[in-house]
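Numbering (this note's numbering), first residue to last: 1 to 101.
Okay, structure first, notes after.
Structural data, given as structure tokens:
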């Protein structure tokens with residue numbers, strides 16, 4: 001009985017080792033390739049929430065000083081005369097022009 005047990009155990013060991021070779025690797029993967037690295041962790045940034053009791057920070061750029069009203073009217077009257085406007089049209093044009101500029 002003993003001489004029959006040894007060949008059966010050897011045959012069983014060969015069968016188990018042979019059965020492990022029938023599992024193919026995943027598609028596109030190699031047995032010898034290193035494992036795929038983990039993806040980088042996501043960095044979640046929290047936006048700054050404005051506070052209701054704070055005034056917004058404004059960056060005011062200083063403007064050049066505006067010419068006086070008389071200078072603007074004179075310039076607009078000259079522009080109206082250069083455009084060929086009559087006295088009544090020139091007065092109307094100069095009012096709108098001086099307030100706009």
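Virtual Cβ for every residue (Gly too), placed ideally from N, Cα, C.
Please read these numbers as outputs of a predicted model, since none were measured by experiment.
Cutoff 7 Å; reference residue 93; Cβ partners in own chain excluding five residues on either side:
Start at 1 with the first residue of the chain shown, and residue 93 comes out as number 93. These residues qualify, in order along the chain: 76, 80, 85.
Kindly list the residues whose CB is nearer than 8 Å to the CB of residue 33, restricted to its own chain and excluding five residues on each side of it in sequence; keep chain order.
Taking the first residue of the chain shown as 1, we reach residue 33 at position 33. Close CB contacts of residue 33 within its chain, under the 8 Å cut and outside five residues either way in sequence, are absent.
Am I right that residue 98 and residue 72 are in contact with their C-beta atoms under 8 Å? What's the rounded C-beta distance?
Here the question's residue 98 lines up with position 98 in the chain shown. Here the question's residue 72 lines up with position 72 in the chain shown. Confirmed, Cβ separation roughly 4 Å.
Measuring alpha carbon to alpha carbon, tell me which residue in 38, 100, 10 is nearest residue 66.
Locating residue 66 in the chain shown gives position 66, where the first residue counts as 1. Selected option, being the one with the closest Cα: 100.
Residue 92: first and last residue of the uninterrupted alpha helix (DSSP H) it sits in:
Position 92 of the chain shown, counted from the start, is the residue given in the question as residue 92. Segment 87 to 100, the alpha helix (DSSP H) holding residue 92.
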